[in-house]
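A.B. asks: One structure follows; several queries about it will come next.
Chains as they are written, first to last, in our numbering: chain Z, 189 to 481; chain D, 8 to 210.
Here it is in structure tokens:
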């Protein structure tokens with residue numbers, strides 16, 4: 189009797205492990221249009237109302253936790269803010285002098301709905317309803333999908349700047365791969381006339397900072413400079429960036445020259461991904477070669 | 008654990024609630040730079056109460072649900088969580104759980120293992136970037152948070168599955184009479200009347 193139980197237990201375990209491995213390899217190797225992906229999207233569509241209800245129902249609890257968290261942080265930040273205020277007053281005077289330069293920066297950073305519409309984008313507002321607990325896979329789920337005109341590779345923005353891009357879509361929901369996901373790279377440019385270009389990407393395990401790698405080793409930047417999406421497109425090679433040009437990404441927090449012969453640059457994203465509640469998905473837009481329609 | 012259809016429904020409900028709580032609440036929290044993971048905690052509790060097979064099946068189901076809801080690669084979470092459920096069940100079958108600390112400690116260790124396993128699998132599946140040492144700290148903090156979460160979650164799961172647990176002690180009956188029991192008065196039987204016998208002993 190006992191041996192039979194042990195055999196049954198082993199059989200179940202082996203069956204489940206083999207099942208998981210088959211699922212994993214089949215899902216990983218098949219195309220987005222494959223049957224497993226289709227079943228997954230179908231099931232996710234069925235479950236998405238449940239996720240939305242859970243998200244709304246648990247919002248008071250999240251707000252309560254946030255309130256405690258923010259109150260705790262605010263106590264520590266009070267003195268720091270007083271010092272920063274004094275520094276900001278000094279910087280205000282300097283900012284007046286650099287007003288002319290700001291006009292150009294505003295042109296790069298000031299992406300608003302009218303401008304996006306001018307480029308052919310139609311922003312679709314969506315609420316963040318799910319979030320991965322992993323540091324490696326930095327993704328969120330939003331409650332708008334292909335039924336709202338969202339497609340894979342659409343750029344996603346928030347009030348503070350770039351959030352990421354749509355990586356999977358169902359009829360009622362979409363998965364957004366954040367720019368802090370190590371699998372995601374964003375082509376950017378430093379917000380200055382003829383600013384150097386490069387790619388920002390995250391390091392697995394460090395979700396609060398991005399690493400900027402320049403295309404040219406001679407390029408250099410200084411602290412506090414802004415970084416925006418480059419939005420390049422090359423019809424000859426058939427490649428282009430998934431992100432439109434000029435969306436704010438973050439600010440340079442550390443630009444150092446170490447032992448290597450190029451500058452190591454750390455970028456602090458403008459968007460607070462932990463507090464992300466509403467986003468806008470930029471649907472439509474101009475034809476971008478290499479980006480799936 | 009005695010698995011009846013009603014208990015299976017309860018197990019499914021526990022898994023569903025844990026997954027929904029994770030994606031809609033716990034993933035939003037940031038404690039020491041990471042978010043608590045309640046799903047391995049719930050699966051470890053099921054394994055500790057139901058044994059290896061029940062734990063493994065529950066872990067596999069929870070992983071599938073997580074991957075479907077988050078539109079992630081199918082099979083990754085299933086593989087990790089079925090290991091959590093199975094190992095928790097094996098612990099229960101091998102050792103006596105006679106303190107509150109043991110389930111929490113086992114859950115913390117298994118959650119640490121799950122976080123490390125999940126990260127290793129994800130990194131194997133094509134994350135081609137440098138890896139920070141902070142990822143180790145993340146797994147350790149997740150284990151510690153799971154240890155703390157096990158204190159409320161384990162009793163809740165045990166309470167939900169109480170009717171199916173073989174070794175669970177029946178609640179003590181409250182005595183009807185406190186102190187000395189009064190003498191039983193026997194009624195006199197009327198001549199010619201039939202005697203009723205209670206099934207299962209005298210009342």
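Cβ atoms here follow ideal geometry from the backbone N, Cα and C, with glycine treated the same way.
1. Please name the residue, chosen from Z:244, Z:201, Z:317, Z:219, that lies closest to residue 90 (chain D) on a Cα-to-Cα basis.
2. For residue 151 (chain D), which residues in chain Z fall below 9 Å Cβ to Cβ?
3. Helix, strand or coil: how does DSSP classify residue 383 (chain Z) here?
4. Straight-line CA distance for residue 79 (chain D) to residue 219 (chain Z)?
5. Please identify the residue among Z:382, Z:378, Z:211, Z:342 whose C-alpha is closest to the C-alpha of residue 363 (chain Z).
6. Using 9 Å as the threshold, is the C-beta distance between residue 25 (chain D) and residue 69 (chain D) below it?
7. How would you list, in chain order, the residues of chain D whose beta-carbon sits under 9 Å from the beta-carbon of residue 202 (chain Z)?
8. Roughly how far, in whole angstroms, is the beta-carbon of residue 49 (chain D) from the beta-carbon of residue 239 (chain Z), given that I think they are within contact range, below 8 Å?
9. Just the C-alpha distance for residue 484 (chain Z) and residue 67 (chain D), rounded to the nearest angstrom, thanks.
10. From residue 260 (chain Z) to residue 36 (chain D), what does the alpha carbon distance come to, in whole angstroms?
11. Select from D:82, D:20, D:13 the residue whose C-alpha is nearest the C-alpha of residue 211 (chain Z).
12. Where do the N-terminal and C-terminal ends of the beta strand (DSSP E) with residue 11 (chain D) fall, by residue?
13. Is it buried or exposed for residue 419 (chain Z), if we count other Cβ within 10 angstroms and need 16 for buried?
14. In this structure, does DSSP put residue 67 (chain D) in helix, strand or coil?
15. In the region 113-142 of chain D, which residues sit with their C-beta less than 9 Å from some C-beta in chain Z, listed in chain order?
16. What residues in the region 318-332 of chain Z bring their beta carbon closer than 8 Å to a beta carbon of chain D?
17. Do residue 376 (chain Z) and residue 355 (chain Z) have their beta-carbon atoms positioned less than 9 Å apart in this structure?
18. Going by DSSP, what residue range makes up the alpha helix (DSSP H) through residue 129 (chain D)?
19. Using a beta-carbon distance cut-off of less than 7 Å, what residues from the region 79-113 of chain D approach chain Z?
20. If you count every other CB in all the chains shown that lies within 10 Å of the CB of residue 382 (chain Z), and 16 or more means buried, which is it?
21. Cβ of residue 195 (chain Z) less than 9 Å from any chain D Cβ?
22. Going by alpha carbons, who is nearest to residue 237 (chain Z) out of Z:206, Z:358, Z:398?
23. Determine the contact status of residue 159 (chain Z) and residue 130 (chain D), defining contact as a CB-CB distance below 9 Å.
24. Using CA coordinates, which residue listed in Z:320, Z:266, Z:335, Z:316 is at the minimum distance from residue 345 (chain Z)?
C.D. replies: So, to answer that:
1. For the purposes of this step, residue 90 (chain D) is taken as the residue at position 83 of the second chain. The shortest C-alpha separation from residue 90 (chain D) is found at Z:201.
2. As a first step, residue 151 (chain D) must be located in the second chain, where it is residue number 144. Those within 9 Å of residue 151 (chain D) in chain Z number zero; the least Cβ separation is about 15 Å.
3. Start at 1 with the first residue of the first chain, and residue 383 (chain Z) comes out as number 195. Three-state result, residue 383 (chain Z): coil.
4. Taking the second chain and counting its residues from 1, one reaches residue 79 (chain D) at position 72. Taking the first chain and counting its residues from 1, one reaches residue 219 (chain Z) at position 31. Cα to Cα, the separation comes out at about 14 Å.
5. Residue 363 (chain Z) sits at position 175 when you count from the first residue of the first chain. When only C-alpha atoms are compared, the closest one is Z:342.
6. Locating residue 25 (chain D) in the second chain gives position 18, where the first residue counts as 1. Locating residue 69 (chain D) in the second chain gives position 62, where the first residue counts as 1. Yes; because the gap between Cβ atoms is below 9 Å, this pair is in contact.
7. To locate residue 202 (chain Z), count along the first chain from 1; it is residue 14. Ordered by position in chain D, no residue passes the 9 Å Cβ test against residue 202 (chain Z), which lies about 10 Å from the chain.
8. Taking the first residue of the second chain as 1, we reach residue 49 (chain D) at position 42. Taking the first residue of the first chain as 1, we reach residue 239 (chain Z) at position 51. Not confirmed; about 17 Å, so no contact.
9. Any answer about residue 484 (chain Z) is impossible in this case: the structure gives chain Z only from 189 up to 481.
10. Taking the first residue of the first chain as 1, we reach residue 260 (chain Z) at position 72. Taking the first residue of the second chain as 1, we reach residue 36 (chain D) at position 29. Using only the alpha carbons, I get a separation of about 14 Å.
11. Translated into the one-based positions of the first chain, residue 211 (chain Z) becomes position 23. Answer by Cα proximity: D:82.
12. In the second chain, the residue the question calls residue 11 (chain D) occupies position 4. It is not in any beta strand (DSSP E) - residue 11 (chain D) carries neither H nor E in the DSSP assignment.
13. As a working mapping, residue 419 (chain Z) is identified with position 231 in the first chain. Label assigned to residue 419 (chain Z): buried.
14. On the second chain, residue 67 (chain D) is found 60 positions in, with the first residue counted as 1. In the structure shown, residue 67 (chain D) sits in a helix (DSSP, three-state: H, G or I).
15. 122, 125, 126, 128, 129, 130, 132, 133, 134, 135, 136, 137, 138, 139, 140, 141, 142
16. 318, 319, 320, 321, 322, 323, 324, 325, 327, 329
17. Here the question's residue 355 (chain Z) lines up with position 167 in the first chain. Here the question's residue 376 (chain Z) lines up with position 188 in the first chain. For residue 355 (chain Z) and residue 376 (chain Z), no; Cβs fall outside 9 Å.
18. In the second chain, residue 129 (chain D) corresponds to position 122, counting from 1. Where residue 129 (chain D) is concerned, the enclosing alpha helix (DSSP H) stretches over 108-131.
19. 79, 80, 81, 82, 83, 85, 86, 89, 93
20. Within the first chain, residue 382 (chain Z) is the residue found at index 194, counting from 1. Residue 382 (chain Z) comes out exposed.
21. On the first chain, residue 195 (chain Z) is found 7 positions in, with the first residue counted as 1. No, no contact with chain D.
22. Locating residue 237 (chain Z) in the first chain gives position 49, counting from the first residue. Answer by Cα proximity: Z:358.
23. Given a span of 189 to 481 for chain Z in the structure shown, any question on residue 159 (chain Z) remains unanswerable.
24. If you number the first chain from 1, residue 345 (chain Z) lands on position 157. It is Z:316 whose Cα lies nearest to the Cα of residue 345 (chain Z).
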